[in-house]
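Heads up: the sequence shown begins at 1 in the UniProt record's numbering, then just goes up one per residue.
Note that beta-carbon positions come from the ideal geometry of N, C-alpha and C, so glycine has one too.
Keep in mind it's a predicted model, so treat the numbers as computed, not measured.
Everything on this sheet refers to the single structure shown next.
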Amino acid sequence: MAKRFQDLTSIDFYQNRKQVKWLVFLVSFLIGSGSIWYTSLLVDELRERESRQIQLLSSALEYAATTSENLTFINQEIIQQNHSIPIIMVDSEGAPIEFRNIKFKNNADEADSLKTLERELLEMQEEYEPIYLLEADVRVFYRNSELLTNLRFYPYIQLAVILVFGALAYALFNQSKIAEQNRVWAGLTKETAHQLGTPIASLMAWIDYLRNSPVWEENKEIIQEMDKDVVKLRMVTERFSSIGSKPVIQSENLYEVIEETITYLRPRISTKVSLHINADSKDLDAMMNKPLLEWVIENICKNAVDAMKGRGEITITVLQDSDKYVIVDITDTGKGIEKKNFKKVFYPGFSTRQRGWGLGLTLAKRIVEGYHGGKIFVKSSEVGVGTTFRIMLLGNLEDASQFITEGILEY
């Protein structure tokens, strides 16, 4: 028992939320189906009981019509005790001669009452065969009571309520989980930025010291590269600080931003990986927070390098999709992604690498969609051939302003 409980608590509900959704639906459906089955049994039993009651009532009426004995008991205990089942007695010509438990409109005249009786007769004829009395001179029509009718529909209403409740419970759970993760992301990144601040400041001081030391001339290129890395670390710290805060979104030249990112990456990845940029125009602007978008490009490119095992080609294509969006396609010649994992690659913790944390693409999605009002997704992928990620960014201030106004983006 303890092992089963441990297995249950070890399930990652977020990673398997699709399965959890279907599990909630299945449980709700089983509960509702069981309720329908049990209620159907009750309805059948109640219908049979009402049918016997009408048979008894009809027999009492027929007996009362053919005898001259004192019928007080039969009248009070059988005939007058029907307070729920609608009945209409008609003569051989089909004209109503008596009825019980029929609802008429308020202040209905004789014509309206007759129409109501005719409508009720049609409904009764569709539900049950009439009971013949006095050698078929009188026929008794009846239908289910309101209680029985309501009971027939009750389980379906109950099933709908259970399904709605299950859907709301799942949605609340999912939103609560996302909100919790967002708080964790923001807290973790800000704390990381805070912890990196002191050693980065110290490294900057040491580089300044080396610039003014006798070793400068001899190791100039090395120290300059070290300075670039320290600047990069400082930028990473700024990026971490931006998560959970209000990023500044402004128009930037998209080609130049990508080119700067690629220029930094080239000497820091395998020399057997070639990087290319293709663009419809070098003057395409997009609304962005430059440090955060550079982070997205780097993450995708580094993932591509890992997917190609340090050997292959990465092509970045920049194009104008419409008046609203500017597109960046990043294509690699790596191992590809199975179609079933196109969405999963953006889930926290999902990674195909043995030592991967599965956070890079999650952060990329949060940055592009949560902070920039854009879109990021796997455009295409073929196992053993390569993958193309597509990033769509807002191209003008008007659309970005609307995105901010709608409260989707913290600005």
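Closest Cα partner of residue i within the set the options
{"i": "G374", "options": "E50, Y156 and I327", "result": "I327"}
{"i": "F104", "options": "L393, L117, F350 and I207", "result": "L117"}
{"i": "K309", "options": "F389, I222 and S274", "result": "S274"}
{"i": "I249", "options": "K220, F141, I367 and L30", "result": "I367"}
{"i": "E120", "options": "D283, N107, D329 and I87", "result": "I87"}
{"i": "S28", "options": "F173, N396 and F165", "result": "F165"}
{"i": "S251", "options": "D285, A279, H194 and E218", "result": "D285"}
{"i": "S281", "options": "I85, Y156, D321 and G312", "result": "D321"}
{"i": "D91", "options": "R49, V140, N212 and R100", "result": "V140"}
{"i": "N101", "options": "G94, D112, N107 and S84", "result": "S84"}
{"i": "T387", "options": "I300, A169 and A108", "result": "I300"}
{"i": "T271", "options": "E238, V257, V231 and G312", "result": "G312"}
{"i": "residue 433", "options": "Q195, V257, Q175 and D332", "result": "Since the first and last residues shown for the chain are 1 and 411, residue 433 lies out of range."}
{"i": "G395", "options": "K324, L363, G360 and L359", "result": "K324"}
{"i": "F153", "options": "A279, L359, E369 and L42", "result": "L42"}
{"i": "A201", "options": "T189, K232, M287 and Q175", "result": "K232"}
Opening and closing residue of the beta strand (DSSP E) in which residue i lies
{"i": "G109", "result": "Residue identity check: residue 109 is Asp in the sequence provided, not Gly. Segment: none, D109 is in no beta strand (DSSP E) and carries neither H nor E."}
{"i": "L133", "result": "I131 to L133"}
{"i": "E382", "result": "K375 to E382"}
{"i": "L265", "result": "Unbroken run through L265 is the alpha helix (DSSP H), L254 to L265; no beta strand (DSSP E)."}
{"i": "N278", "result": "V273 to A279"}
{"i": "G360", "result": "Looking at the DSSP string, G360 is not in any beta strand (DSSP E); the run it does join, the alpha helix (DSSP H), is G360 to K365."}
{"i": "L394", "result": "G386 to L394"}
{"i": "I97", "result": "P96 to R100"}
{"i": "V140", "result": "V138 to Y142"}
{"i": "I88", "result": "I87 to V90"}
Within 9 Å, strictly: CB atoms of residue i and residue j
{"i": "E129", "j": "R143", "result": "no"}
{"i": "M89", "j": "L151", "result": "no"}
{"i": "Y371", "j": "P247", "result": "yes"}
{"i": "L319", "j": "L393", "result": "no"}
{"i": "K228", "j": "Y264", "result": "yes"}
{"i": "I316", "j": "I376", "result": "no"}
{"i": "L163", "j": "R47", "result": "no"}
{"i": "D283", "j": "N253", "result": "yes"}
{"i": "I223", "j": "R234", "result": "no"}
{"i": "F342", "j": "V383", "result": "no"}
{"i": "S40", "j": "L159", "result": "no"}
{"i": "T237", "j": "G197", "result": "yes"}
{"i": "P267", "j": "E225", "result": "yes"}
{"i": "A167", "j": "F25", "result": "yes"}
{"i": "P155", "j": "S35", "result": "yes"}
Inter-residue CB distance, residue i and residue j (contact presumed, cutoff 8 Å)
{"i": "V305", "j": "I269", "result": "5 Å"}
{"i": "I337", "j": "I314", "result": "That pair is no contact at about 15 Å."}
{"i": "M204", "j": "V230", "result": "6 Å"}
{"i": "A307", "j": "K335", "result": "5 Å"}
{"i": "I131", "j": "I54", "result": "7 Å"}
Local Cβ density within 10 Å of residue i, reported as buried at 16 or more and exposed below that
{"i": "V385", "result": "exposed"}
{"i": "I297", "result": "buried"}
{"i": "I11", "result": "At I11 the pLDDT is 49, less than 50, meaning the model places this residue with poor confidence; the figure from the coordinates comes in the next sentence. Counting Cβ neighbours within 10 Å, I11 comes out exposed, since fewer than 16 surround it."}
{"i": "L289", "result": "Position check: residue 289 holds Asn in this sequence, whereas Leu was assumed. Buried, since its Cβ has 16 or more Cβ neighbours within 10 Å."}
{"i": "F346", "result": "buried"}
{"i": "W295", "result": "buried"}
{"i": "G407", "result": "Bear in mind that the predicted position of G407 carries a pLDDT of just 40, short of 50, making it too unreliable to give a figure here."}
{"i": "A179", "result": "exposed"}
{"i": "E123", "result": "exposed"}
{"i": "F240", "result": "buried"}
{"i": "S145", "result": "buried"}
{"i": "F5", "result": "Residue confidence for F5 is low, a pLDDT of 39 falling below 50, so the modelled location carries little weight; the figure read from the coordinates is stated next. Exposed, since its Cβ has fewer than 16 Cβ neighbours within 10 Å."}
{"i": "P348", "result": "buried"}
{"i": "E217", "result": "exposed"}
{"i": "Q19", "result": "exposed"}
{"i": "P214", "result": "exposed"}
{"i": "E410", "result": "With a pLDDT of only 38 at E410, under 50, the local geometry of the prediction cannot be trusted, and the value read off the model is given with reservation. Per the 10 Å Cβ criterion, exposed."}
{"i": "K365", "result": "buried"}
{"i": "I97", "result": "exposed"}
{"i": "Y38", "result": "exposed"}
{"i": "F389", "result": "buried"}
{"i": "E93", "result": "exposed"}
{"i": "I391", "result": "buried"}
{"i": "L114", "result": "exposed"}
{"i": "residue 430", "result": "Shown here, the chain extends from 1 to 411; a query on residue 430 therefore has no answer."}
{"i": "V161", "result": "exposed"}
{"i": "E50", "result": "buried"}
Host alpha helix (DSSP H) of residue i (start-end)
{"i": "D323", "result": "Segment: none, D323 is in no alpha helix (DSSP H) and carries neither H nor E."}
{"i": "N212", "result": "Per DSSP, N212 belongs to no alpha helix (DSSP H) and is neither H nor E."}
{"i": "A307", "result": "K290 to A307"}
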